[in-house]
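Q: The structure under discussion is supplied below as structure tokens; questions concerning it will follow.
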Amino acid sequence: MMIESKIIASGLVNGIIVGKHFNRCKRLHPLMALGLQMLHFDQLLKTLKKSTEFDFLKVQIYDDLLEYQDQDPLLPSIKSEELLTNGVLSKLFSSYKQYVNRTLQGNHGKTAHYYMIYIQLVNYYVTLSRSIRMGDFEMFKYIIPKITNLFFMVNKQNYARWCVKYLDNLNNINETHPGLEDDFKKCFFGIKRTEKSFSRIPIDLTLEQTINTDAARRLSGISDFTNSIAARQRWTKSHSIRAVLISHVLDVCGLKQNQDVTADLKPSRIKMYAKQVTDFLNILENNFNPFDTSLDRDNLYNIATVKPTTTDVAEFLLNIEKNGDILRKHFINECADIEERFDKNKQNSLLVIKSLN
Numbered sequence: 001m002m003i004e005s006k007i008i009a010s011g012l013v014n015g016i017i018v019g020k021h022f023n024r025c026k027r028l029h030p031l032m033a034l035g036l037q038m039l040h041f042d043q044l045l046k047t048l049k050k051s052t053e054f055d056f057l058k059v060q061i062y063d064d065l066l067e068y069q070d071q072d073p074l075l076p077s078i079k080s081e082e083l084l085t086n087g088v089l090s091k092l093f094s095s096y097k098q099y100v101n102r103t104l105q106g107n108h109g110k111t112a113h114y115y116m117i118y119i120q121l122v123n124y125y126v127t128l129s130r131s132i133r134m135g136d137f138e139m140f141k142y143i144i145p146k147i148t149n150l151f152f153m154v155n156k157q158n159y160a161r162w163c164v165k166y167l168d169n170l171n172n173i174n175e176t177h178p179g180l181e182d183d184f185k186k187c188f189f190g191i192k193r194t195e196k197s198f199s200r201i202p203i204d205l206t207l208e209q210t211i212n213t214d215a216a217r218r219l220s221g222i223s224d225f226t227n228s229i230a231a232r233q234r235w236t237k238s239h240s241i242r243a244v245l246i247s248h249v250l251d252v253c254g255l256k257q258n259q260d261v262t263a264d265l266k267p268s269r270i271k272m273y274a275k276q277v278t279d280f281l282n283i284l285e286n287n288f289n290p291f292d293t294s295l296d297r298d299n300l301y302n303i304a305t306v307k308p309t310t311t312d313v314a315e316f317l318l319n320i321e322k323n324g325d326i327l328r329k330h331f332i333n334e335c336a337d338i339e340e341r342f343d344k345n346k347q348n349s350l351l352v353i354k355s356l357n
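Under UniProt numbering, read the sequence shown as residues 1 to 357, first letter to last.
Structure, rendered in structure tokens:
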């Protein structure tokens, strides 16, 4: 389906499934999640089609959404539905939130439950990216444990245990580094290299794209020095100066390309993505709609083969967040009781849909 809708090329499927192509994955999965969420929202509208309460004009919705877009997104005390002037649209959003919760509780069947979990997991990544780009420290701390739960379940043991330690450091930063939390809340845990407000990137990534990129040339690093401490000190002290000089020369010569954080917002990109999502939706609806109410609610179906999975696979996939949270909290409790506990956990048995087909 992804190939037919031209979201990806045929030769990239395996690399994307195993997660090796990060840049392609971070474009692909939000597009797929958007398409699936549109199908899910459409299913809600079908259940409400007989209600005159939700019979409103598209033009009115469009105008209200534009007004909603101009509202300040950083107002924590105001709920999203309270910012909408259209009462019908506000009620519709509230109804959809309740519909999502019922789907996540399994009220609409295992297949709908699974793909709503997928949408939620993609939203976790989007939230993490947003927290970094906007410099929202509280949002950053909120989303880390939710992603860490997945690391525990899919046997990413180093990511799992070090994310726990990392979050603990952030939560106790006032005790270990007084005043640093205030700086982080002022967006100091990311670097904005452009004038765009939504363009912050992590500090380590900035170093890789600047100093390390420009100064780490062959035969210029510490590994090529002798054991002379003085030589290493000279190289270290001049490192930033050489990086600035090399960056300036490349910039003057027109050989340096700054990161364009607005590339995905170009009209051509927007049209391409919209077409890909539309094609993906059409193919999905013509083959298999995971939110179709006619599906057997007791089975979890493979979206590609339309075959049901076994009970153990379904239970593993549908409870991946819950069980991951249990493993994370158990690990934290063990580390609190035993100082030397900070070792890798035992590997989990991974059960996936593709293993059955």
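The C-beta atom is built at its ideal place from N, Cα and C for all residues, glycine as well.
1) Could you tell me which residues DSSP puts in a beta bridge with G190?
2) Is L318 near K165, with beta carbons less than 8 Å apart?
3) Which of the three DSSP states is assigned to P145 in this structure?
4) Check whether the region 166-173 and the region 119-129 touch, using three or more Cβ-Cβ pairs below 8 Å as the test.
5) Can you tell me which of the three DSSP states P308 falls into?
6) How long is the line joining the alpha carbons of L150 and R269, rounded to whole angstroms?
7) Does the Cβ of S238 have 16 or more other Cβ atoms within 10 Å, making it buried, or fewer, making it exposed?
8) Is the beta carbon of R328 less than 8 Å from the beta carbon of E334?
9) Can you tell which of I132, E181, H40 has the C-alpha that lies nearest to the C-alpha of Q120?
10) If I follow the unbroken alpha helix (DSSP H) through G35, where does it start and stop?
11) Rounding to the nearest angstrom, what Cα-Cα distance links M38 and C253 in this structure?
12) Return the first residue and the last residue of the alpha helix (DSSP H) that D136 is part of.
13) For the region 276-340, list the alpha helix (DSSP H) runs that are entirely contained and at least 4 residues long, ordered along the chain.
14) T47: which of K26, H21, C25, Y96 sits nearest, CA to CA?
15) Taking the beta carbon of Q98 as the centre, do at least 16 other beta carbons fall within 10 Å, making it buried, or is it exposed?
16) Looking at C-alpha atoms only, which residue of I326, L295, A336, I338 is the closest neighbour of K146?
17) Please classify S220: does DSSP put it in a helix, a strand, or coil?
18) Note down, in chain order, each residue of its chain lying with its Cβ closer than 8 Å to the Cβ of M139, except the 5 sequence neighbours on either side.
A: Straight from the coordinates:
1) Looking up residue 190 in the sequence shown gives position 190. Bridge partners of G190: P202.
2) If you number the sequence shown from 1, residue 318 lands on position 318. If you number the sequence shown from 1, residue 165 lands on position 165. Taking the C-beta atoms as reference points, K165 is found no nearer than 8 Å to L318.
3) Here residue 145 refers to the residue found at position 145 of the sequence shown. P145 falls in the helix class under three-state DSSP.
4) Too few Cβ pairs lie closer than 8 Å, so no.
5) As a first step, residue 308 is located in the sequence shown; it is residue number 308 there, counting from the start. Correct three-state label for P308: strand.
6) Sequence index remark: in the sequence shown, residue 150 carries index 150 (1-based). Sequence index remark: in the sequence shown, residue 269 carries index 269 (1-based). So the two alpha carbons sit approximately 31 Å from each other.
7) Counting from 1 along the sequence shown, the entry for residue 238 is found at position 238. So S238 counts as exposed.
8) One-based indexing of the sequence shown puts residue 328 at position 328. One-based indexing of the sequence shown puts residue 334 at position 334. Contact check for R328 against E334 fails: the beta carbons are separated by 8 Å or more.
9) Numbered from its first residue, the sequence shown carries residue 120 at position 120. The option with the nearest alpha carbon to Q120 is H40.
10) Residue numbering aside, residue 35 sits at position 35 when the sequence shown is read from its first letter. Here the alpha helix (DSSP H) through G35 covers 22-47.
11) Here residue 38 is taken as the residue at index 38 of the sequence shown, counted from 1. Here residue 253 is taken as the residue at index 253 of the sequence shown, counted from 1. Each residue's Cα considered, the two are about 47 Å apart.
12) As a first step, residue 136 is located in the sequence shown; it is residue number 136 there, counting from the start. Where D136 is concerned, there is no enclosing alpha helix (DSSP H), given that its DSSP letter is neither H nor E.
13) Look at the region 276-340 and you find these whole runs of alpha helix (DSSP H), each 4 residues long or longer: 311-318, 320-337.
14) What you label residue 47 is simply residue 47 of the sequence shown in a count that begins at 1. Nearest of K26, H21, C25, Y96 to T47, Cα basis: Y96.
15) Taking the sequence shown and counting its residues from 1, the one referred to as residue 98 is at position 98. In this structure Q98 is exposed. Its beta-carbon is surrounded by fewer than 16 other beta-carbon atoms within 10 angstroms.
16) Locating residue 146 in the sequence shown gives position 146, where the first residue counts as 1. Here the closest residue by C-alpha is I326.
17) For the purposes of this step, residue 220 is identified with residue 220 of the sequence shown, where counting begins at 1. Model confidence at S220 stands at a pLDDT of 48, short of 50, so the residue's coordinates are unreliable and nothing is read from them.
18) Numbered from 1 along the sequence shown, position 139 holds the residue referred to as residue 139. Hits under 8 Å: T127, R130, S131.
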